[in-house]
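Sequences listed follow chains A and B, in order.
Residue numbering for the first sequence follows numbering that gives the first Met the number 0, beginning at 0 and increasing consecutively.
Residue numbering for the second sequence follows numbering that gives the first Met the number 0, beginning at 0 and increasing consecutively.
Just so you know, even glycine gets a beta-carbon here, dropped at the ideal spot from N, CA and C.
One structure below.
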Amino acid sequence: MLCFISCNLFEDGITKWYKVSEETKLWLADSSGFCFRMADQNGITREYLNEQNTHDFSEGESFFGGVKYRISQRENYYQSFSSTFNDVFSFSLSPGYDDGYWGERISLSINSLSFTYDFLLDRLVTVETNFNYLSHKITSSGVENDSLIHSTIDFYDEIEFNGTTYPHVFHFILSDFQQNWTEYTVTEVYYVRKLGLLEYRFKNGLSFTRQ
Amino acid sequence: MFGKNEKSALYLLLSISALFILYACPLPCEPQRISVLPIPDSVSMLIPYKNGDTVNFQHSGGLVVPFVCQRDSSAEYAYSDWCSPGQEYRLDETLLIPDYPISSVFVQLTKYDEQNLLFSISVANSSTVLNALHELSFNLDSLKVNQKWFYCVMALNLSSSENPNYPNKLRFDSVYYTQQNGIVRLTMSNGEYYDLFEK
Numbered sequence: 000m001l002c003f004i005s006c007n008l009f010e011d012g013i014t015k016w017y018k019v020s021e022e023t024k025l026w027l028a029d030s031s032g033f034c035f036r037m038a039d040q041n042g043i044t045r046e047y048l049n050e051q052n053t054h055d056f057s058e059g060e061s062f063f064g065g066v067k068y069r070i071s072q073r074e075n076y077y078q079s080f081s082s083t084f085n086d087v088f089s090f091s092l093s094p095g096y097d098d099g100y101w102g103e104r105i106s107l108s109i110n111s112l113s114f115t116y117d118f119l120l121d122r123l124v125t126v127e128t129n130f131n132y133l134s135h136k137i138t139s140s141g142v143e144n145d146s147l148i149h150s151t152i153d154f155y156d157e158i159e160f161n162g163t164t165y166p167h168v169f170h171f172i173l174s175d176f177q178q179n180w181t182e183y184t185v186t187e188v189y190y191v192r193k194l195g196l197l198e199y200r201f202k203n204g205l206s207f208t209r210q
Numbered sequence: 000m001f002g003k004n005e006k007s008a009l010y011l012l013l014s015i016s017a018l019f020i021l022y023a024c025p026l027p028c029e030p031q032r033i034s035v036l037p038i039p040d041s042v043s044m045l046i047p048y049k050n051g052d053t054v055n056f057q058h059s060g061g062l063v064v065p066f067v068c069q070r071d072s073s074a075e076y077a078y079s080d081w082c083s084p085g086q087e088y089r090l091d092e093t094l095l096i097p098d099y100p101i102s103s104v105f106v107q108l109t110k111y112d113e114q115n116l117l118f119s120i121s122v123a124n125s126s127t128v129l130n131a132l133h134e135l136s137f138n139l140d141s142l143k144v145n146q147k148w149f150y151c152v153m154a155l156n157l158s159s160s161e162n163p164n165y166p167n168k169l170r171f172d173s174v175y176y177t178q179q180n181g182i183v184r185l186t187m188s189n190g191e192y193y194d195l196f197e198k
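Next up, the structure:
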């Protein structure tokens, strides 16, 4: 019993908790956005339903000479949706590190497109589409190869769509891997804080807008 | 060395051990198969699509979407247990693949034996399954689609898995089908529909 208590006290003493800030958590879709419909220019409607809405911690352990000296508990938020026509969409949040190398991150994935944005570095740090992948290497001296990713993400205080004004929106534009794009590669995404997915567009110009 | 009771206990223990070993490591056996006759042509004709055909459907908003047909027939085997005979079943599968980001449509005949020959249609999250020998009837009604009358139309409800969180989820709810033309209309729960479009 003494060993059990002392081990737990020991582990509590070396455990570092990394949590997502309240400000960043606002980017998650609230439950009113767990069922939403999008329509394209031809009036074809698809409905997205929430499949997963999880919040957990992933544990990491550091050892020196066989002795555990640090445990990290990193907070994760994950939301995933699937549509009437089997499109898949997910959004996740992860916390930053206290070493200041990188910060809190949002990741979005829709069909074959995925990207991750780092709030501290204020840049896209990964982009993936059609099985092609780019990821910034980050060291203590900063981001290596600054011009690796050409895709962009812009944040707006508000944006107007079909007569409705949406506050706190980001707009992603894919510019990488153009030689591998297909007609149905997702090339643009609009996402609204608390609401979720607002619009996405294919390379062929077809766009899907929230109803 | 052993008394009578000890011997009985030993034999019992050996018998249980032998049974356990036989159960855990069964002797190899030759798999057997129970064959089933092919799907008769008279039933295959329920599906009019031919491999490589293109059929067009017009969405209620006006867009015409071409679907390419892929049709294939095969024999498969189902094994319920080790060394139990494999049950052959016959498949006649048609996939209508759209040139647009919507769902493919799957029309299938599955013959398990002379009495169980199933006809099914699946689209997106919805499907229907009927016994092709007893439940199909093409004498129900006529239907006007895209200014053309279709006769002997079968109307089928499509069902979807229930989700208590989303009782009114968007889904395909019915399909109108003829033996001569296949699917002539697909309707959705929000009023949108796809009609056969013949140029």
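Residue from the options with nearest C-alpha to residue i
i         : options                                    : result
Tyr-132/A : Ile-148/A, Val-191/A, Asp-121/A            : Ile-148/A
Glu-191/B : Asp-80/B, Leu-169/B, Tyr-99/B              : Leu-169/B
Ser-121/B : Tyr-99/B, Asn-55/B, Val-106/B              : Val-106/B
Ile-158/A : Thr-151/A, Val-168/A, Ile-152/A            : Val-168/A
Ile-33/B  : Ala-74/B, Leu-13/B, Val-63/B               : Ala-74/B
Ser-160/B : Thr-127/B, Arg-184/B, Ala-8/B              : Thr-127/B
Tyr-165/A : Trp-180/A, Val-142/A, Phe-130/A, Glu-198/A : Glu-198/A
Lys-110/B : Leu-13/B, Phe-19/B, Arg-89/B, His-133/B    : Arg-89/B
Pro-163/B : Ser-146/A, Glu-50/A, Ser-139/A, Ser-113/A  : Glu-50/A
Asp-97/A  : Ser-113/A, His-54/A, Arg-122/A, Arg-73/A   : Arg-73/A
Leu-112/A : Ser-150/A, Val-142/A, Ser-57/A             : Ser-150/A
Beta-carbon contacts of residue i that lie in its chain and below 6 Å, excluding the five residues immediately before and after
i         : result
Asp-91/B  : Ile-38, Ser-43, Ser-72, Leu-108
Val-67/B  : Thr-53, Ile-96
Gly-195/A : Ala-28, Gly-32
Val-64/B  : Phe-56, Pro-97, Tyr-99
Arg-69/A  : Ile-13, Ser-61
Lys-67/A  : Glu-60
Arg-192/A : Leu-25, Trp-26, His-167
Whole-angstrom distance between residue j and residue i, CA atom to CA atom
i         : j         : result
Arg-209/A : Arg-200/A : 12 Å
Ser-188/B : Ile-101/B : 16 Å
Phe-56/B  : Val-104/B : 11 Å
Ser-230/B : Ser-106/A : No answer is possible for residue 230/B: it lies beyond the span of chain B, which begins at 0 and ends at 198.
Asp-172/B : Ile-43/A  : 16 Å
Ser-82/A  : His-135/A : 31 Å
Ser-207/B : Tyr-175/B : Chain B is shown from 0 up to 198; residue 207/B falls before or after that span and cannot be answered.
Ser-61/A  : Leu-120/A : 25 Å
Glu-187/A : Leu-173/A : 6 Å
Cys-82/B  : Val-35/B  : 19 Å
Phe-50/B  : Leu-94/B  : Looking at the sequence provided, one finds Asn at residue 50/B rather than Phe. Their backbone Cα atoms lie some 9 Å apart in a straight line.
Tyr-77/A  : Leu-185/B : 35 Å
Ser-206/A : Arg-122/A : 25 Å
Glu-22/A  : Ser-91/A  : 14 Å
Beta-bridge pairing of residue i - partner residues as DSSP gives them
i         : result
Met-44/B  : DSSP output for Met-44/B lists no bridge partner at all.
Asp-11/A  : Note: Asp-11/A sits in no beta bridge, so no partner.
Asp-194/B : Gln-57/B, Arg-184/B
Gly-195/A : Val-191/A
Pro-166/A : Glu-157/A
Trp-262/B : With chain B covering only 0 through 198, there is no way to say anything about residue 262/B.
Lys-168/B : DSSP output for Lys-168/B lists no bridge partner at all.
Cys-82/B  : Cys-82/B is not bridged to any residue.
Gln-210/A : None; Gln-210/A has no bridge partner.
Asp-39/A  : Phe-207/A
Glu-127/A : Ser-113/A, Tyr-132/A
Asn-156/B : Ser-173/B
Lys-67/A  : Phe-62/A
Phe-118/A : Phe-118/A is not bridged to any residue.
Leu-117/B : Thr-109/B, Asn-130/B
Same chain only: Cβ atoms within 8 Å of residue i, ignoring 5 sequence neighbours per side
i         : result
Asn-130/B : Asn-115, Leu-116, Leu-117, Phe-118
Asn-145/B : Gln-57, Asp-194, Leu-195, Phe-196, Glu-197
Asn-161/A : Thr-208
Tyr-76/B  : Arg-32, Gly-85, Gln-86, Glu-87, Tyr-88
Leu-45/B  : Leu-108, Phe-118, Ala-131, Leu-135, Gln-178
7 Å CB neighbourhood of residue i in its chain, flanking five on each side removed
i         : result
Asp-117/A : Trp-101, Gly-102, Arg-104, Val-124
Report the residues of the segment 39-71 of chain A with a CB closer than 7 Å to any CB of chain B, ordered along the chain.
Within the segment 39-71 of chain A, contact with chain B at the beta-carbon level (separation under 7 Å) is assigned to Asn-41, Gly-42, Ile-43, Thr-44, Glu-46, Leu-48.
Could you name the residues of the segment 85-117 of chain A whose beta carbon sits closer than 7 Å to any beta carbon of chain B, in the order they occur along the chain?
Answer in chain order: Asn-85.
The segment 76-87 of chain B: which residues have C-beta closer than 8 Å to a C-beta of chain A, in chain order?
So the list is empty, because no residue satisfies the distance condition.
Which residues of the segment 181-206 of chain A have a Cβ closer than 8 Å to any Cβ of chain B? Give them in chain order.
Residues are counted here when their Cβ sits less than 8 Å from a Cβ of chain B; for the segment 181-206 of chain A these are Tyr-183, Phe-201, Leu-205, given in chain order.
Residues, ordered as in the chain, of the segment 185-197 of chain B that lie near chain A by beta-carbon distance below 9 Å
Listed by position, the residues of the segment 185-197 of chain B near chain A (Cβ gap below 9 Å) are Met-187, Asn-189, Glu-191.
Please list the residues of the segment 58-75 of chain B that have a C-beta atom closer than 8 Å to any C-beta atom in chain A, keeping them in chain order.
For the segment 58-75 of chain B, which is checked against every Cβ of chain A, the residues closer than 8 Å are His-58, Ser-59, Gly-60, Gly-61, Leu-62.
Which residues, in chain order, does the segment 96-114 of chain B contribute to contact with chain A at a C-beta distance below 7 Å?
Within the segment 96-114 of chain B, the qualifying residues are Pro-100, Ile-101, Ser-102.
Give, in chain order, every residue of the segment 122-135 of chain B whose Cβ lies closer than 7 Å to some Cβ of chain A.
Look at the segment 122-135 of chain B: the residues with a C-beta under 7 Å from a C-beta of chain A are Ala-123, Asn-124.
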